[in-house]
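There are 2 protein chains.
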Amino acid sequence: MTEPSLEQAPSAEDRRRLRRLPLFANAGDATVHDLLAFAPVSTIGRNQFAVREGTTPNSLLAVVGGRFALMTQTAGEQPQVIAMAGRGDLVMAASAISATPYPLTARAVEESRIASFPLATLWAAADRDHGFSADLARVVCGDWRSAIGQLKDYRLRSAPQRFAIHLVRLAAAAGQPHQGAAEVALIDDRKTLASLLGMTPENLSRTIAQFRERGVTVTGRAVTIADLAGLADFAGL
Amino acid sequence: MTEPSLEQAPSAEDRRRLRRLPLFANAGDATVHDLLAFAPVSTIGRNQFAVREGTTPNSLLAVVGGRFALMTQTAGEQPQVIAMAGRGDLVMAASAISATPYPLTARAVEESRIASFPLATLWAAADRDHGFSADLARVVCGDWRSAIGQLKDYRLRSAPQRFAIHLVRLAAAAGQPHQGAAEVALIDDRKTLASLLGMTPENLSRTIAQFRERGVTVTGRAVTIADLAGLADFAGL
DNA sequence: TTCTGCATTTGACTTGGATCAACGCGGAGT
DNA sequence: ACTCCGCGTTGATCCAAGTCAAATGCAGAA
Numbered sequence: 133m134t135e136p137s138l139e140q141a142p143s144a145e146d147r148r149r150l151r152r153l154p155l156f157a158n159a160g161d162a163t164v165h166d167l168l169a170f171a172p173v174s175t176i177g178r179n180q181f182a183v184r185e186g187t188t189p190n191s192l193l194a195v196v197g198g199r200f201a202l203m204t205q206t207a208g209e210q211p212q213v214i215a216m217a218g219r220g221d222l223v224m225a226a227s228a229i230s231a232t233p234y235p236l237t238a239r240a241v242e243e244s245r246i247a248s249f250p251l252a253t254l255w256a257a258a259d260r261d262h263g264f265s266a267d268l269a270r271v272v273c274g275d276w277r278s279a280i281g282q283l284k285d286y287r288l289r290s291a292p293q294r295f296a297i298h299l300v301r302l303a304a305a306a307g308q309p310h311q312g313a314a315e316v317a318l319i320d321d322r323k324t325l326a327s328l329l330g331m332t333p334e335n336l337s338r339t340i341a342q343f344r345e346r347g348v349t350v351t352g353r354a355v356t357i358a359d360l361a362g363l364a365d366f367a368g369l
Numbered sequence: 133m134t135e136p137s138l139e140q141a142p143s144a145e146d147r148r149r150l151r152r153l154p155l156f157a158n159a160g161d162a163t164v165h166d167l168l169a170f171a172p173v174s175t176i177g178r179n180q181f182a183v184r185e186g187t188t189p190n191s192l193l194a195v196v197g198g199r200f201a202l203m204t205q206t207a208g209e210q211p212q213v214i215a216m217a218g219r220g221d222l223v224m225a226a227s228a229i230s231a232t233p234y235p236l237t238a239r240a241v242e243e244s245r246i247a248s249f250p251l252a253t254l255w256a257a258a259d260r261d262h263g264f265s266a267d268l269a270r271v272v273c274g275d276w277r278s279a280i281g282q283l284k285d286y287r288l289r290s291a292p293q294r295f296a297i298h299l300v301r302l303a304a305a306a307g308q309p310h311q312g313a314a315e316v317a318l319i320d321d322r323k324t325l326a327s328l329l330g331m332t333p334e335n336l337s338r339t340i341a342q343f344r345e346r347g348v349t350v351t352g353r354a355v356t357i358a359d360l361a362g363l364a365d366f367a368g369l
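Quick mapping for you: the protein sequence lines, in order, are chains L and X. Note that the working numbering numbers the first sequence so that position 147 is 279, with each residue one more than the last. Note that the working numbering numbers the second sequence so that position 206 is 338, with each residue one more than the last.
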């Protein structure tokens, strides 16, 4: 159920945050100002849906805070998490920009806030501001790349390798050096993480147990990695 | 090995064909004329590469004739076909447009011809012609959608279901009615098709044998389907 | 036509990961 | 405090699909 969540104008803090989106990297200040003028921010409670698979977008959604699981939700089948969207990410920008139905549902895994740019204002801005329209294109290109990347991961690697990749990427995102020991924090609960990695929670648990003898210790969401390069090697680069 | 294939200006026939690309759906004639003026067409022999994974694009490639397998090609691992590109398709447009390294290799599965639009002229044209820049965005959005679609197929369905989907889509593409009996032709050889569907040739063969008792008869590349709706149902819509 | 080499099929076996079934543990409600 | 319940872990078993191996069919060369 998409809850009738309250909408409000973005706070000054929100505006500063939104201004820094990659979406606006090459956009003029005037463009951004115009867009923010009509971009209400809604609060989405834990486990509520910001987007339902199959619905047609009428605005581009940007995550201001919190975290969403982008997942399949076909009746009868158990849902599968395809990707996560966190602060600063756009929610399926390609669907919004081309006004085609969303292929996935976005569920808030924790209480989240989301800004919503009406498509009309977006298109108008893109028409006026070439930098911004280039930003739009760049964002979608990035989304394509990461989708293809996932497809490759899924076709080329085993479940434990995908978990290893996940850890290596978390370490990189946390600014850890690429060699030696590292500590990272898992962002998601076991069930969500397992589904994101294309495995069952049971199997993720077993993988974690196996990884202990590989120098990877997981306690709750805290992970200690003895040899990051070795882990990357196991993951297949 | 990317062979030094001969490049030539597009023929009148090529130009007509290229004009009809979705890429130019909303582009002005002047834009298209400019682009075609600097778009050499090369011939790529069977099993030669038009694009190597990891290389950075310097032009946008459009398939004028023939067919390419977009596949992984990591040393040591056996290649996996992620998608096919045929006449009228762009080859990994998102990579070209954003000038980021290609994530996949493009191998000609048959002798093919490919037009090549230099990025500089492309960007200049997009800056001048908003219709064209919208076309570019739309193409990339479509590519994202199909990548996500594949990800869903791969996560949600079994190998036989993916084969069934493939048949249903071929039937739809061939303009067959959505119900009753249908005849379609497989486009690819068994090995390529199996890899595209994320299975081994052996398993595809077995799947085909199983499908006989489901009213699907495959002889070489010719397929007879007794009940298309039933097949679609089996595939999971 | 016959030969030769590759593509496809069929068969036997292995295996990664899913499923089913307990069990332990920690936090919220009483 | 105690109970309940949802989360995560562990164990046992099953199954879809991969691997290895061999037979068959088919197309182009001689």
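Glycine included, every Cβ here is placed at the ideal spot set by N, Cα and C. None of the values given here were measured: they were computed from a predicted structure.
Are residue i and residue j touching if we call contact CB-CB under 8 Å?
i: Ser265 (chain X); j: Ala256 (chain X); result: no
i: Gly263 (chain X); j: Ala159 (chain X); result: yes
i: Leu153 (chain L); j: Leu192 (chain L); result: no
i: Ile357 (chain X); j: Leu299 (chain X); result: yes
i: Leu360 (chain X); j: Gly312 (chain X); result: yes
i: Pro250 (chain X); j: Phe170 (chain X); result: yes
i: Ala269 (chain L); j: Ile246 (chain X); result: no
i: Leu283 (chain L); j: Ala279 (chain X); result: yes
i: Leu168 (chain X); j: Pro142 (chain X); result: yes
So which residues of chain L does residue i contact, with C-beta pairs closer than 9 Å?
i: Lys284 (chain X); result: Thr204, Thr206, Gln212, Ile214, Pro235 and Leu236
i: Ala226 (chain X); result: Ala269, Val272, Cys273, Gly274, Asp275, Trp276, Arg277 and Ile280
Report yes if the C-beta of residue i is less than 7 Å from at least one heavy atom of the ligand SAM; otherwise report no.
i: Pro333 (chain X); result: Ligands in the displayed structure: none, and consequently the ligand SAM is not present.
For residue i, count the other beta carbons within 10 Å of its own beta carbon; 16 or more makes it buried, fewer makes it exposed. Which is it?
i: Thr134 (chain X); result: Summary for Thr134 (chain X): the model assigns pLDDT 43, below 50, so the residue's position carries little reliability, and this model does not support an answer.
i: Arg239 (chain X); result: buried
i: Ser244 (chain X); result: buried
i: Pro233 (chain L); result: exposed
i: Gly373 (chain X); result: Given a span of 133 to 369 for chain X in the structure shown, any question on residue 373 (chain X) remains unanswerable.
i: Ala225 (chain L); result: buried
i: Arg353 (chain X); result: exposed
i: Ser327 (chain X); result: buried
i: Phe343 (chain X); result: buried
i: Leu369 (chain L); result: exposed
i: Leu363 (chain X); result: buried
i: Pro136 (chain X); result: Low confidence applies to Pro136 (chain X): its pLDDT is 47, below 50, so where it sits in the model is not reliable, and the reading given next is rough at best. Classification of Pro136 (chain X): exposed, given that the 10 Å Cβ count is below 16.
i: Ser290 (chain L); result: exposed
i: Asp321 (chain L); result: exposed
i: Arg277 (chain L); result: buried
i: Asp261 (chain L); result: buried
i: Pro309 (chain X); result: exposed
i: Asp365 (chain L); result: exposed
i: Ala367 (chain X); result: buried
i: Ala215 (chain L); result: buried
Could you say which of the options lies nearest to residue i if we only look at CA atoms?
i: Pro333 (chain L); options: L:Phe295, L:Asp359, L:Leu363 and L:Thr188; result: L:Phe295
i: Ala144 (chain X); options: X:Ala157, X:Pro172, X:Ile319 and X:Thr163; result: X:Pro172
i: Val213 (chain X); options: L:Asp321, L:Arg287 and L:Thr351; result: L:Arg287
i: Val196 (chain L); options: L:Met203, L:Gln180, L:Thr175 and L:Met216; result: L:Thr175
i: Asp390 (chain X); options: X:Thr253, X:Gly362, X:Ala247 and X:Thr188; result: What the structure shows of chain X is the stretch from 133 to 369, and residue 390 (chain X) is not part of that stretch, so it cannot be assessed.
i: Gln205 (chain X); options: X:Ala269, X:Arg184, X:Ala364 and X:Ala217; result: X:Arg184
i: Met203 (chain X); options: X:Ala228, X:Asp267, X:Leu236 and X:Arg346; result: X:Leu236
i: Asp267 (chain L); options: L:Val350, L:Thr163, L:Asp321 and L:Asp146; result: L:Thr163
i: Ala314 (chain L); options: L:Gln140, L:Ser337, L:Val350 and L:Arg338; result: L:Val350
i: Leu150 (chain X); options: X:Asn190, X:Ser248, X:Lys284 and X:Ile319; result: X:Ser248
i: Ala303 (chain L); options: L:Val316, L:Ile297 and L:Pro292; result: L:Val316
i: Gly186 (chain X); options: X:Arg148, X:Ala231 and X:Ala217; result: X:Ala231
i: Ala194 (chain L); options: L:Leu155, L:Ala215 and L:Arg178; result: L:Leu155
i: Asp275 (chain X); options: X:Ala157, X:Gly177 and X:Ser227; result: X:Ser227
Mind pulling the chain L residues with CB within less than 8 Å of residue i?
i: Gly330 (chain X); result: Arg287
i: Asp259 (chain X); result: His262
i: Thr232 (chain X); result: Cys273 and Arg277
i: Ile229 (chain X); result: Ala269 and Cys273
Kindly list, in the order they appear in chain X, the residues whose Cβ is closer than 7 Å to that of residue i.
i: Glu209 (chain L); result: Leu288
i: Ser265 (chain L); result: Ser265
Assuming residue i contacts residue j (C-beta within less than 8 Å), just tell me the rounded distance between them.
i: Ala207 (chain L); j: Val241 (chain L); result: No, Ala207 (chain L) and Val241 (chain L) are not in contact; Cβ-Cβ is about 21 Å, not under 8 Å.
i: Leu318 (chain L); j: Val348 (chain L); result: At roughly 12 Å, the Cβ-Cβ gap does not stay under 8 Å, so Leu318 (chain L) and Val348 (chain L) are not in contact.
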